[in-house]
Amino acid sequence: MPKGKFFYEDLIMKHKTDVRAQIIQIGIDEMYHSLQLGIIITQMGGIPSFKTDEVVRYPRIMDNLKRDKMTEDMVTNLYQSAEFKPGAYPKIQNMVLNISYDEVRHSQQFAAMMEAIKSSGDEEALCYQSNPENAQKEDVQLLHKITRLENALLHRYLKYVLLFSEHQDLSQRLFKNSIDHMRHWDKNSGLLIKMGDVIQIENAETDNQGVEKSKIPMPSLYSGEDRLTALKTLIPAEEELITKYEKLISIVPDREIKDQLQLHLALNREHVFTQEWLLKNAQKIEELE
Ligand SMILES: [Fe+2]
Ligand SMILES: [Fe+2]
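Numbering (our numbering), first residue to last: 949 to 1237.
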């Protein structure tokens, strides 16, 4: 949705706030929730996955907000109805309650956003749409491919962050790279809008109302089960991404878009350096599993 176009009065902050900016913040809160839960699942001996419910995108902004609020209420209820044996896992109990109040806050924010959009008469406002001509444009299609790879890498790094969460040094370095890929993904979505397109939802089907639904918006499992296999698999993935950026930079006409892509390419090259040394250094210590 457009930046700086829709505003709502935030009840807690007592401030007129950009709807889009606040939705991004809510998305970040959600990523922290999943990070916290993933670490706990790993500590309990489980294997976290990225399996998710269906992802839906409606053409109207309002319908997306409605679904978001419904989801917030559903998760609030799930967290608040969790049952623990008396005295069991006090810190996890506390975490679950703390997360549930983030969800309460989110739900109230979505309610206020919908109120504001209704009262300003913008109920019919649409999300950005993809220009059909872009299906023939090599640069736009390549940027979609790159953005999908950025998304995959963000999640692959995140998986290893969870897997090695007890190894602070390693997991922080992997987390940094995961965040870089998330930033690139976010910036690329902005570039797609500049090119008259919009970020795709992976494996989505569109019905005759223009509603997109995907049951597998991303793979739920990624390869690499231990330090060495995990570290090894990331290097060729980074290299593949680098090759695609180089290609795109050579064909994209817009100067500003090119400059932004150059920044992503540069950081991804740095990731290869980091990953090669993480791998070599891990191979030097025999006791590391
Ligand atoms: Fe959440
Ligand atoms: Fe939430």
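A virtual CB, placed ideally from N, CA and C, is assigned to each residue, including glycine.
Among Arg1015, Thr1000, Gln1057, which one has its Cα closest to the Cα of lysine 1163? Thr1000
On the criterion of 16 or more Cβ atoms from any shown chain inside 10 Å, does lysine 1232 qualify as buried, or is it exposed? exposed
Through-space distance from glutamate 1218 to tyrosine 1006, alpha-carbon basis: 38 angstroms
Beta-carbon within less than 6 angstroms of valine 1220's beta-carbon, same chain only, minus the 5 sequence neighbours each way: which residues are those? Glu1186
Any idea which residues DSSP pairs serine 1048 with across the strands? According to DSSP, which records beta bridges pairwise, serine 1048 is partnered with nothing at all.
Using CA coordinates, which residue listed in Ile1190, Trp1225, Leu1211, Asn1042 is at the minimum distance from glutamine 984? Asn1042
Report yes if the CB atom of glycine 952 is closer than 7 angstroms to the CB atom of leucine 1110, and no otherwise. no
Contacts around glutamate 1150, its chain only, beta-carbon distance under 8 angstroms, and the 5 residues preceding and following it disregarded: Arg1096, Asn1099, Ser1162, Ile1164, Pro1165, Met1166
Hey, serine 1048 and tyrosine 1027: beta-carbon distance below 7 angstroms or not? yes
Straight-line CA distance for methionine 992 to leucine 1074? 44 angstroms
Minimum C-alpha distance to isoleucine 995 - residue among Gly1069, Ala1083, Leu1106: Leu1106
In angstroms, rounded to a whole number, what distance separates the CA positions of aspartate 1128 and aspartate 977? 17 angstroms
Report yes if the C-beta of histidine 1219 is less than 6 angstroms from at least one heavy atom of ligand 1; otherwise report no. no
Assigned secondary structure, glutamate 1186 (DSSP; H/G/I helix, E/B strand, else coil): helix
Leucine 1236 in three-state terms, based on DSSP: coil
For the stretch 1065-1074 against the stretch 1174-1190, do three or more pairs of beta-carbon atoms, one drawn from each stretch, fall closer than 8 angstroms, so that the two count as touching? no
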